[in-house]
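Colleague:
Protein chains: 2
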Amino acid sequence: MPVYMTEQQNAQRDTEALILQAAEKEFLEKGYSGAKTTTIAEAAGVTHAMFHYYFRTKDKLFEKIVADKLGKLMEMMFSAIGNSDLPLKERIVQGVERHFDFVAANPLLPRFIFNEVHNRPERLDGIKNNMISMATSLLDNLQSAIDKDASINKCRHADARMVLLDIISLNIFPFVAQPIVNVLLDSIDGNSGSLLEMRKKENVKTILEKLNIE
Amino acid sequence: MPVYMTEQQNAQRDTEALILQAAEKEFLEKGYSGAKTTTIAEAAGVTHAMFHYYFRTKDKLFEKIVADKLGKLMEMMFSAIGNSDLPLKERIVQGVERHFDFVAANPLLPRFIFNEVHNRPERLDGIKNNMISMATSLLDNLQSAIDKDASINKCRHADARMVLLDIISLNIFPFVAQPIVNVLLDSIDGNSGSLLEMRKKENVKTILEKLNIE
DNA sequence: CTTTGTGCTAACAACAATGTTAATCAAAAC
DNA sequence: GTTTTGATTAACATTGTTGTTAGCACAAAG
Chain U
-19 MPVYMTEQQN
-9 AQRDTEALIL
1 QAAEKEFLEK
11 GYSGAKTTTI
21 AEAAGVTHAM
31 FHYYFRTKDK
41 LFEKIVADKL
51 GKLMEMMFSA
61 IGNSDLPLKE
71 RIVQGVERHF
81 DFVAANPLLP
91 RFIFNEVHNR
101 PERLDGIKNN
111 MISMATSLLD
121 NLQSAIDKDA
131 SINKCRHADA
141 RMVLLDIISL
151 NIFPFVAQPI
161 VNVLLDSIDG
171 NSGSLLEMRK
181 KENVKTILEK
191 LNIE
Chain G
-19 MPVYMTEQQN
-9 AQRDTEALIL
1 QAAEKEFLEK
11 GYSGAKTTTI
21 AEAAGVTHAM
31 FHYYFRTKDK
41 LFEKIVADKL
51 GKLMEMMFSA
61 IGNSDLPLKE
71 RIVQGVERHF
81 DFVAANPLLP
91 RFIFNEVHNR
101 PERLDGIKNN
111 MISMATSLLD
121 NLQSAIDKDA
131 SINKCRHADA
141 RMVLLDIISL
151 NIFPFVAQPI
161 VNVLLDSIDG
171 NSGSLLEMRK
181 KENVKTILEK
191 LNIE
């Protein structure tokens, strides 16, 4: 393998990366059927023949990107289960905030995944087993942490799966429904933009209250 | 206006309605760009020329359907604010359950609206004012009910807007993410299908706990 | 300096999707 | 019964989108 790359190879990596970036953005924004290869090429600043030169077909590139984003599905779900080394309260706070921050950093990801999984549910087949085993172990761990805390302190004996679903639901919704939520709240009082920070704190509070912690 | 319709008029209404139904289904399933007029016509059992005969263009019919579904946006949000004649606890229970049932009866509606509002946020412009005034009055009412209950009983002094967002988030998520949630929960134990009923109860509980009612 | 390989372009080909039109058929109006 | 009206069809026209190909430019290798 070459230590120095030729200029041609540099150029290749550049335009290939440019197309990939443009495609990712376009696909995440508009989904498979809404995205156009010509638009992607245009956004990348190359002729649309380059698209096919590097990635053969629209499907091939799309499936590559779907696979990539599907890999983030785990993170989109299980990052909400905090670090098991922390005491339960800190674990919950960290879990909710970490999860919220992940979604905030990938605000288009949820809608994209929901849409493309709805379009072809069999996309899940490949990661199903991985998902299940990961969910099982993480949830088992969280559940016993909750149960232990429930015995020692006054914490509620909650179902860890439900808590996880609560966190994911609460955190993802404002991003999936952003324009609508903005209309709803921005105009009632003038808190434009601060909604997300507000919501992040609120969700932490909601989950803590649900578990009756503190 | 005729009391009896001619057979031609009957036929017209039939195929027009058939196309409309097929289009609604197709659009809700696949969105604007994913839906094909030929597929709609085929599903309605007519030639695709009929599509244009009755509805001129794909856009026109789509906008009609979007407007219709956007009309349901209010219900999708504010049905969660229960009847103000009831005591707070019953009001919350009724609100959450009524809202959940509405989403369950229109499971494709949220994704459709989120997508098409994201594609063209200006779609909201038309109903913005209506939304705001309705939100204001309904939320004001709910807020004072909460505040009153907080003074009399031990109920928490919660922000009605946040409570509304919580309910919508929790109730809508399982439908928007259905295949994923099913994988996550179905395989952990064998509760296939019962997830939604489970979730409905859980959401009621969560909101009641949040308000510290009962 | 020639040859080879490769990124790149422009033009074209193929197909799918939207939209149109002229002609047909049957029921309703007269 | 003739005419008219409107639903319906098949065929066509158009455009947008995807994918291909022949050739050019230019750096690297010999």
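Order-wise, the sequence lines are chains U and G. Under this note's numbering, the letters of the first sequence match residues -19 to 194, in that order. Under this note's numbering, the letters of the second sequence match residues -19 to 194, in that order. Beta carbons: idealized from backbone N, C-alpha and C, even for Gly. Please read all numbers here as calculations on a predicted model, not as lab measurements.
#1: Restricting to Cα atoms, I'd like to know which of E22(U), K180(U) and R71(U) is closest to A210(U).
#2: Using a Cβ-Cβ distance cut-off of 8 Å, determine whether I20(G) contacts chain U.
#3: Give the interface partners of M54(U) over in chain G, defined as CB-CB distance under 9 Å, in chain order.
#4: Could you pull out every residue in the same chain whose Cβ sits closer than 7 Å to the Cβ of L66(U), ignoring the five residues on either side in sequence?
#5: Listed in chain order, which residues of the region 123 to 157 of chain U have Cβ atoms closer than 9 Å to some Cβ of chain G?
#6: Candidates S131(U), N86(U), R78(U) and F94(U): which alpha carbon is nearest L223(U)'s?
#7: To which residues of the same chain is I61(U) closer than 7 Å at the C-beta, ignoring the five residues directly before and after it?
#8: Give the secondary structure of M(-19)(U) by DSSP, where H, G and I count as helix, E and B as strand, and everything else as coil.
#9: With 16 other CB atoms within 10 Å as the buried threshold, where does A3(G) fall?
#10: Return the chain-ordered ranges of every beta strand (DSSP E) run that is complete within the region 81 to 156 of chain U and spans a minimum of 3 residues.
#11: Using a Cβ cut-off of 8 Å (strictly closer), state whether H79(G) contacts chain U.
#12: Just the chain U side, please: which residues come within less than 7 Å of P87(G) by C-beta, in chain order?
#13: Which residue wins for smallest C-alpha separation from A140(U), given the options I126(U), F153(U), K40(U) and N133(U)?
#14: Using DSSP with H/G/I as helix, E/B as strand and the rest coil, what is S64(G)?
#15: Taking DSSP as the reference, what is the three-state secondary structure of K5(G)?
#16: Beta carbon of P87(G): closer than 7 Å to some heavy atom of the ligand PLP?
#17: To the nearest angstrom, how far is it from the Cα of S124(U) to the Cα of R78(U)?
#18: Spatial neighbours of I187(U) within its chain, please: C-beta separation below 7 Å, excluding the five flanking residues on both sides.
#19: Please determine, among V46(U), T(-5)(U), K44(U) and I45(U), the residue with the shortest C-alpha to C-alpha distance to A21(U).
#20: Here's the rule: buried if 16 or more other CB atoms are within 10 angstroms of the residue's CB, otherwise exposed. What is A240(U)?
#21: Whose C-alpha, out of E102(G), E182(G) and E96(G), is nearest the C-alpha of K49(G)?
#22: One question on the structure: do S149(U) and L150(G) come within less than 8 Å of each other, judged by their Cβ atoms?
#23: Determine the burial state of K10(G): buried for a count of at least 16 other Cβ atoms within 10 Å of its Cβ, exposed for fewer.
#24: Just the Cα atoms here: how many angstroms apart are V(-17)(U) and A(-3)(U)?
#25: Whose CA, out of L68(U), E189(U) and N99(U), lies closest to the CA of A15(G)?
Modeller: The relevant details are as follows:
#1: Nothing about residue 210(U) can be read from this structure; chain U reaches only from -19 to 194.
#2: Taking the first residue of the second sequence as 1, we reach residue 20(G) at position 40. It does not; no Cβ of chain U falls within 8 Å.
#3: Your numbering for residue 54(U) matches position 74 in the first sequence. Here the premise fails: no neighbours, minimum Cβ distance about 11 Å.
#4: As a position in the first sequence, residue 66(U) is number 86, starting the count at 1. Closer than 7 Å at the Cβ level, and outside the excluded window around L66(U), lie Q74.
#5: R136, D139, R141, M142, L144, L145, D146, I148, S149, L150, N151, I152, F153, P154, V156 and A157
#6: Outside the shown range of chain U (-19 to 194) lies residue 223(U), about which nothing can therefore be said.
#7: By 1-based counting over the first sequence, the position of residue 61(U) is 81. Cβ neighbours of I61(U) beyond the five flanking positions: G75, L118, L122 and L144.
#8: Taking the first sequence and counting its residues from 1, one reaches residue -19(U) at position 1. Summary for M(-19)(U): the model assigns pLDDT 33, below 50, so the residue's position carries little reliability; its value from the coordinates is reported in the next sentence. Coil at M(-19)(U), not helix or strand.
#9: The residue labelled residue 3(G) in the question sits at position 23 within the second sequence. So A3(G) counts as buried.
#10: none
#11: Position 99 of the second sequence, counted from the start, is the residue given in the question as residue 79(G). No, because no Cβ of chain U sits closer than 8 Å to the Cβ of H79(G).
#12: For the purposes of this step, residue 87(G) is taken as the residue at position 107 of the second sequence. None at all; the shortest Cβ gap to chain U is about 10 Å.
#13: Sequence index remark: in the first sequence, residue 140(U) carries index 160 (1-based). Selected option, being the one with the closest Cα: I126(U).
#14: On the second sequence, position 84 is the one that residue 64(G) refers to. It is coil, neither helix nor strand.
#15: Translated into the one-based positions of the second sequence, residue 5(G) becomes position 25. It is helical.
#16: No copy of the ligand PLP occurs in the structure displayed, which carries no ligand at all.
#17: Stepping through the first sequence from its first residue, residue 124(U) is reached at position 144. Stepping through the first sequence from its first residue, residue 78(U) is reached at position 98. The straight-line gap from Cα to Cα measures roughly 21 Å.
#18: Within the first sequence, numbered from 1, the residue matching residue 187(U) stands at position 207. Once the five neighbours on either side are set aside, the close Cβ partners of I187(U) are I72, V76, V143, D146 and I147.
#19: Numbered from its first residue, the first sequence carries residue 21(U) at position 41. It is T(-5)(U).
#20: A query on residue 240(U) cannot be resolved here, the shown segment of chain U reaching from -19 to 194 and no further.
#21: One-based indexing of the second sequence puts residue 49(G) at position 69. Here the closest residue by C-alpha is E96(G).
#22: As a position in the first sequence, residue 149(U) is number 169, starting the count at 1. As a position in the second sequence, residue 150(G) is number 170, starting the count at 1. Taking 8 Å as the Cβ cut-off, S149(U) and L150(G) qualify as a contacting pair.
#23: The residue labelled residue 10(G) in the question sits at position 30 within the second sequence. Burial call: buried.
#24: Within the first sequence, residue -17(U) is the residue found at index 3, counting from 1. Within the first sequence, residue -3(U) is the residue found at index 17, counting from 1. With a pLDDT of only 42 at V(-17)(U), under the threshold of 50, the placement of this residue in the model should not be trusted; the figure read from the coordinates follows. The alpha-carbon atoms of V(-17)(U) and A(-3)(U) are separated by roughly 20 Å.
#25: Here residue 15(G) corresponds to residue number 35 of the second sequence, with the count starting at 1. Ranking L68(U), E189(U) and N99(U) by Cα distance to A15(G) puts N99(U) first.
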